[in-house]
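Peer 1: Dropping a structure here in structure tokens format, bear with me for questions.
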Amino acid sequence: MGVTNLANLIDPEVMADSISAELPNKLKSRGFMKVETTLSAKPGDTITIPRFNYVGPAADLAEGEEGNIDTLTTNEASYTVKKAVKNIELTDEAALSGYGDPVSETNKQLRMAIQDKIDDDAMDLLESDAGMFRVDVTDSALSFEVVSDAMLQFASEEEGELTYLLVSQEGLKQIRNDSHWFDTVDIGADMLKNGVVGKFAGAFVVISNKLNGTNDERSAYLLKPGALTAFIKRDVNLETGRNVLAKKTLFSVDEHYVVAIEDDNKIVGIDHLNEDVGRMRITFATKKQSDGTYDSDIISVNPDVFDGNQLFYKLGGAPIKAATISGTTTSGWTEVAEFPVSVEDVASTPIISMAQTVSGTMTPIWYYGTCNLLK
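Counted the way numbering that gives the first Met the number 0 counts, the sequence shown spans residues 0 to 374.
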């Protein structure tokens, strides 16, 4: 009778081919993301992209008069190719006897990790690009009027093209409360596969939890197809390494790529008010121990900590009202560096209050979260 060895379950070449085939399709499924593989045949680690500036609309000209001569101009942007890496290690026991199909799941998770990193870079690029035209309405929420006015910023020949509206969770809440919101019932199956959750002011709406913004502001983006381009330098490289003594196999995947904005005319940024300031969604998990105490995990918080801020939690017998936090020090508070956060051996049902500092000072804008321990 044949013996199933780990080597029978793992074919690095097949796994690499699978990831390389799936990755571009997953990236392109967002609609506004284009995937370009022509870099694979070019040397060097930097690309320079000339962006053509819009010359403006035509003007009326009276008979016999000379018209103005406009110059087609560009602004260049240079991007450096990056390398993203993700490693997963499986024991022989996990691969041979683990729940489900650990090897296939590893293949999926490696692809998702690279895809997520490229998507992260795309969102960071949108937030940081200085050449993009931005509509500043930080004193008001997203509305039909705001988005419609922003749509008019596109060059006239692009106004009839498909447009996506990329929003944060807070932005989505605002436009869903608007009477002009169209739900997914009027959207085709292909668009739903692209992550579209609705239609608003002529744009197909896509959510991104990565548009964190600042404390009282959020960003949204109107994007035409191909607004963002992921340049893939080569197919995904997957390597495996065997730890014979520990009987484990390491899967290491890497991708050389760069995300760029090829045409600023295909993007309009909208900076708007965050009306959800003071609201924090907190996820907990609790477990009662044999000695009667509880272990509690703070699994996640949304919105997450913003740049320059810090996140803290504190146990107490009663909620700490948001209004009393302002101006207090962080003494008695525990900083949250990463999730999950374990709170062990809690003797009685605690109230877990959370707050976020702004420039080192506790601020009252965040409501507390209550942890109800399961008994």
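Ideal placement from N, C-alpha and C gives every residue a C-beta, glycine not left out. Computed from a prediction, not measured in an experiment: that's the story for all the values here.
Check whether the segment 171-184 and the segment 223-232 are in contact - that is, three or more C-beta pairs closer than 8 Å.
Peer 2: Flag = no, the segment 171-184 and the segment 223-232 do not touch.
Peer 1: Near R280, which residues of its chain fall below 6 Å by C-beta distance, leaving aside the five closest residues on each side in sequence?
Peer 2: If we look at R280 and ignore the five residues flanking it on each side, its Cβ neighbours are N301.
Peer 1: Which residue marks the beginning of the beta strand (DSSP E) containing K82, and which one marks its end?
Peer 2: Per DSSP, K82 belongs to the beta strand (DSSP E) from 81-90.
Peer 1: Which of the three DSSP states, helix, strand or coil, is assigned to T292?
Peer 2: Coil.
Peer 1: Kindly give me the distance between the Cβ atoms of A219 and L141, rounded to whole angstroms, as I take these residues to be in contact under 8 Å.
Peer 2: Going by Cβ atoms, the distance from A219 to L141 rounds to 6 Å, so yes, they are a contact pair.
Peer 1: Taking the straight line between their C-alpha atoms, what separation do you get for F230 and G331?
Peer 2: Spanning the two alpha carbons is a distance of roughly 48 Å.
Peer 1: Check for me: the alpha helix (DSSP H) holding V102 runs from which residue to which?
Peer 2: V102 -> alpha helix (DSSP H) spans 101-127.
Peer 1: Please report the Cβ distance between M14 and N106, rounded to the nearest whole angstrom; I am assuming they are in contact, meaning their Cβ atoms lie under 8 Å.
Peer 2: Correct: roughly 5 Å between the Cβ atoms.
Peer 1: What's the C-alpha gap between L26 and F153?
Peer 2: The straight-line gap from Cα to Cα measures roughly 24 Å.
Peer 1: Within 10 angstroms of the Cβ of T162, are there 16 or more other Cβ atoms? Answer buried if so, exposed if not.
Peer 2: The residue is buried, with at least 16 neighbouring Cβ atoms inside 10 Å.
Peer 1: Would T329 and F311 be called neighbours here (beta carbons separated by less than 8 Å)?
Peer 2: Yes, Cβ-Cβ distance for T329 and F311 is below 8 Å.
Peer 1: Please report how far the alpha carbon of L244 lies from the alpha carbon of K33, in whole angstroms.
Peer 2: Cα to Cα, the separation comes out at about 45 Å.
Peer 1: Enumerate in chain order the residues of its own chain whose CB-to-CB distance from D44 is below 8 Å, with the five nearest sequence positions on each side excluded.
Peer 2: Within the same chain, D44 has close Cβ partners T79, V80.
Peer 1: Does DSSP put Q355 in a helix, in a strand, or in coil?
Peer 2: Residue state, collapsed to three classes: strand.
Peer 1: Three or more C-beta pairs under 8 Å: does that hold for the segment 266-276 against the segment 119-139?
Peer 2: Counting Cβ pairs under 8 Å, three or more are found: they touch.
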